[in-house]
Amino acid sequence: MGEIMSIKQTDVILIGAGVMSATLGALLKELAPDWKLTVFEKLSDVGEESSNEWNNAGTGHAALCELNYTVENPDGSVDITKALQINEQFQLSRQFWAYLVNQKLIHNPKDFIMPLPHMSYVSGEDNVRFLQNRFKALTKSPLFHGMEYSEDPEKLAEWMPLMLQNRPLNEPIAATKIDSGTDVNFGALTRMLFHHLKDQNVDIHNKHDVKDMKRTSDGLWEVKVKNLETGAVERHTAKFVFIGAGGGSLHLLQKSGIPEGKQIGGFPVSGLFMVCNNPDIVEQHHAKVYGKASVGAPPMSVPHLDTRYIDNRKSLLFGPFAGFTPKFLKEGSILDLPTSIKPHNIMTMLAAGAKEMSLTKYLIQQLLLSKEQRMEELRSFIPNAKAEDWDLVVAGQRVQVIKDTVKGGKGTLQFGTEVVSAEDGSIAALLGASPGASTAVHVMLEVISKCFPEHLEAWAPKIKEMIPSYGVSLVDNPELFHELLNSTAEALELVEKSEVTEADEARVLEKV
Ligand SMILES: Cc1cc2nc3c(=O)[nH]c(=O)nc-3n(C[C@H](O)[C@H](O)[C@H](O)COP(=O)(O)OP(=O)(O)OC[C@H]3O[C@@H](n4cnc5c(N)ncnc54)[C@H](O)[C@@H]3O)c2cc1C
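Residue numbering for the sequence shown follows our numbering, beginning at 79 and increasing consecutively.
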C-alpha cells in the first residue's frame with residue numbers, strides 16, 4: 079500500500095454507492111442539511127453493482143404479483159400479512175421519490191419509473207385455486223383494489239398475448255392483473271440521487287476501496303480507504319458510518335468488530351436473465367408476469383417475464399436463473415465466501431450448510447443448465463420461444479443472510495433485508511437483498527430511527543412532509559392511500575396507465 083495521509087473529518091460516511099446509500103444520503107440531506115456527508119465507492123461509477131439496471135429485475139415490489147409474498151395456509155386460505163407490509167413499504171418509496179421530483183431535486187421521473195401492469199400466472203388445478211383464494215384475500219384490502227382475476231383463455235390472451243399463443247390448454251390456467259404496477263430503473267434512480275447529492279456538496283469518491291475501520295478513543299469511527307487510482311491510503315473519521323456496500327457489507331461489518339455483527343454469515347446466490355433480442359417479440363408483451371417457484375427453489379428464483387425500460391428502450395427479460403459462485407459482489411473475489419467464515423460464525427455456517435443441502439443441490443443444478451434447458455423453462459411462459467431470439471445476461475449477486483433465530487434454530491437462511499446496528503447507533507450495515515431496492519426508503523428510515531433516536535422528534539415534521547404516510551397504516555386509512563396513490567402517480571408521471579378514477583375510489587370507499 080502507498081503512503082499514509084493525514085486524517086480527514088466528516089459527519090457521516092456512506093460506504094458504497096448503490097441505491098441504499100443514495101437513499102440514506104438524500105434523506106439525511108433533507109433532515110440535516112448542514113451535516114457533511116462523504117461517500118466511498120470502489121468502482122469507477124455509482125450504481126454499478128446490484129442497483130444497476132442490468133443486475134436486478136427492476137420490479138417495483140409492491141406484492142402486486144409476487145406469489146411468494148402470500149402464503150397458503152393448510153386450510154387453503156391465504157395469509158396476506160407480508161404482502162400488505164411490502165405494499166405499504168413501496169408506498170413510502172413512491173412518496174419520497176415524488177417529493178424529490180416535486181422539489182425539483184431530481185428530474186424526468188420517466189427515466190427511472192414507468193407504469194406497467196403486474197400479473198401473476200399459474201397453471202394446474204391446485205395453483206389456480208391458490209391464485210383465486212389469494213385474489214379474494216388481497217382484494218379485501220384497499221391496497222390491492224383494481225386487481226382483476228381470470229381463468230378465461232380469451233381474456234388471458236388479451237392480457238398476455240405472447241404467453242397464450244400456441245399454448246396447449248390441457249390444464250386449467252389463471253392470472254391476476256393490476257395496472258398500478260411499475261418497472262423501476264434502480265440504476266438510473268441511483269445515478270440521479272448521487273447527482274443531486276453532488277449538487278448538495280456531498281463528497282463522492284469513486285475508485286476508493288474501504289479496507290478497514292475502528293473506533294477511536296473519542297468515540298468516532300476511523301475508516302481506512304485505499305485510493306485505487308493513486309494507491310494512497312487515506313484515513314477519514316466520522317460520527318456515523320453506514321455500510322451500504324451490498325455484497326461487501328458483511329466483511330466490513332466484521333471489520334467493525336461490533337458484537338451485533340457476530341454469528342452472522344452470508345451465502346451468495348447469483349442471478350442470470352435471458353434477454354430477448356427480437357424487437358417483434360418484445361412488442362408483443364407489456365407486463366411483468368410472475369409465476370410460481372418450482373418446488374425446492376428459493377423464493378428469489380420465482381420465474382418472471384418482464385417488460386423493462388432500459389436505456390430508453392423497451393426490452394423483454396426472463397429469469398432469474400440462480401447460480402453459485404463464492405463471490406459476494408459481481409466484481410468481487412472468489413475468496414469472498416471463505417474469508418467471511420470466522421471463528422464466531424463458523425458453527426452458524428456449518429449448521430446452515432447441513433440444513434440447506436437441497437438449496438445447494440438446486441443451485442448446482444441451475445448452474446449446470448444448458449441453453450436449451452433454460453429455453454424449456456422459458457417455454458412454460460412463451461410456448462413459441464426460439465433459442466436464436468434470446469441471449470443470456472449475468473445479473474447481480476445476492477448475499478443471503480445466515481443467522482441463528484429462535485424460530486429456525488442455528489444457521490437459518492434469511493431471505494429478507496436486515497439492518498444491523500451498534501447499540502449506540504454509531505454504525506449500521508445493510509445485509510440481505512429482498513425485497514431490496516423497492517423498499518430502500520423504508521429500510522433507510524429504519525436506519526435513521528435506530529441510529530438517530532435523539533433527532534427523531536425534531537425531524538418528524540420534515541419526514542411527514544416528505545413521506546406523508548410515515549408512521550401511519552395505509553391499510554387502515556384507505557382515503558389517505560388513494561390520495562397518495564394519485565398524487566404520487568401524478569408527480570412520477572405514471573398517470574396515464576395507473577390513474578385511479580373518482581368512480582374507482584368511490585367504489586373502494588363504499589366496500590371499506
Ligand atoms: C438478480 C437480482 C434481481 C433483483 N431484482 C430486484 C427487483 O426486481 N426489485 C428490487 O427492488 N430489488 C431487486 N433486487 C435487489 C436490489 O438490486 C438490491 O437490494 C439493491 O440494489 C441493493 O442496493 P445496495 O445499495 O445495498 O447495494 P449495491 O447496489 O450492490 O451497492 C453496493 C456498492 O458498494 C460498493 N462496495 C462494496 N464494497 C466496497 C468497499 N469495500 N469499499 C467501497 N465500496 C464498496 C460496491 O461496489 C457497490 O457499488 C435484485 C437483486 C438481484 C441480484
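Backbone N, C-alpha and C define an ideal beta-carbon position, used for all residues, glycine too.
Among Gly-431, Thr-495, Phe-396, which one has its Cα closest to the Cα of Arg-457? Phe-396
Taking the straight line between their C-alpha atoms, what separation do you get for Val-590 and Gln-163? Note that Val-590 scores a pLDDT of 36, beneath 50, so its modelled location is shaky; the value from the coordinates is reported in the next line. Using only the alpha carbons, I get a separation of about 19 Å.
State yes or no: is the C-beta of Met-225 nearer than 7 Å to some heavy atom of ligand 1? no
Here's the rule I'm using: 16 or more other beta-carbon atoms within 10 Å means buried, otherwise exposed. How should His-363 be labelled? Buried, because 16 or more other Cβ atoms sit within 10 Å of the Cβ of His-363.
Have a look at Lys-86, Leu-470, Met-352 and flag the residue whose alpha-carbon is nearest the alpha-carbon of Asp-281. Lys-86
Terminal residues of the continuous beta strand (DSSP E) containing Asp-204? For Asp-204, no beta strand (DSSP E) encloses it; the enclosing alpha helix (DSSP H) starts and ends at 203–216.
Pick helix, strand or coil for Gln-278, following the three-state DSSP scheme. For Gln-278, the three-state secondary structure derived from DSSP is coil.
Kindly indicate which residue of Asn-205, Val-380, Ser-372 has the alpha-carbon position closest to the one of Gly-349. Nearest option by C-alpha distance: Val-380.
I'd like the span of the beta strand (DSSP E) that includes Gln-181, first residue to last. Where Gln-181 is concerned, there is no enclosing beta strand (DSSP E), given that its DSSP letter is neither H nor E.
Taking contact to mean at least 3 C-beta pairs separated by less than 8 Å, is the stretch 87–96 in contact with the stretch 317–330? Yes, the stretch 87–96 touches the stretch 317–330.
Quick one: grab the DSSP three-state call for Leu-395. strand
Where Arg-245 falls: helix, strand or coil (DSSP): coil
How big is the Cα-Cα spacing for Met-238 and His-329? 44 Å
Using only alpha-carbon positions, find the residue among Ser-84, Glu-126, Val-573 that is nearest to Arg-269. Nearest option by C-alpha distance: Glu-126.
If I'm right that Thr-260 touches Glu-226 with Cβ under 8 Å, what's the distance once you round it to whole angstroms? In fact, because the Cβ distance is near 18 Å, the residues do not count as touching under 8 Å.
Sub-8 Å separation of Val-124 and Phe-272 beta-carbons: yes
Determine, using beta carbons only, whether Ser-334 and Ile-505 come nearer to each other than 8 Å. yes
Would you say the beta carbon of Asn-263 is closer than 7 Å to some non-hydrogen atom of ligand 1? no
My understanding is that His-314 touches Val-301, with C-beta atoms under 8 Å, so please give their C-beta distance in whole angstroms. 5 Å
Should Gln-243 be labelled buried (16 or more other beta-carbon atoms within 10 Å of its own) or exposed? exposed
Contact belief for Ser-198 with Cys-143 at Cβ below 8 Å, rounded distance in angstroms: 5 Å
Cβ of Val-90 within 7 Å of any heavy atom in ligand 1? no
How big is the Cα-Cα spacing for Gly-224 and Asp-257? 7 Å
Applying the criterion that 16 or more other CB atoms from any shown protein chain within 10 Å of the CB defines a buried residue, is Met-522 buried or exposed? Counting the other Cβ atoms within 10 Å of the Cβ of Met-522 gives 16 or more, which makes it buried.
Quick check: the Cα distance between Val-206 and Phe-402, rounded to an integer number of angstroms? 32 Å
Sheet register partners of Cys-143 (DSSP bridge): None, per the DSSP bridge assignment.
Can you list the beta strand (DSSP E) stretches of 3 or more residues lying completely in the stretch 451–520, in chain order? 468–483, 487–492, 496–499, 505–509
Gln-478 and Lys-408 closer than 8 Å at C-beta: no
Quick check: does the Cβ of Ile-158 come within less than 7 Å of any heavy atom belonging to ligand 1? no
Nonlocal neighbours in the same chain, by C-beta distance under 6 Å from Ile-191, ignoring five residues either side: Thr-260, Val-262, Leu-570
Considering only residues of the same chain and omitting the five flanking positions on each side of Arg-452, which have a CB-CB separation below 7 Å? Met-352, Phe-399
Do you know how far the Cα of Asp-204 is from the Cα of Glu-583? Residue confidence is low: Glu-583 scores 48 on pLDDT, short of 50, so the model does not pin down where it sits. Its coordinate-derived value is still stated next. Straight-line Cα distance between these residues: approximately 33 Å.
Whole beta strand (DSSP E) elements within the stretch 251–277, 3-residue minimum: 251–256, 260–262
Alpha carbon to alpha carbon, how far is Cys-529 from Pro-111? 17 Å
From Lys-188 to Lys-233, what distance separates their C-alpha atoms? Inter-residue distance for Lys-188 and Lys-233 is about 29 Å (C-alpha atoms, whole angstroms).
For ligand 1, is there a heavy atom less than 7 Å away from the beta-carbon of Arg-172? no
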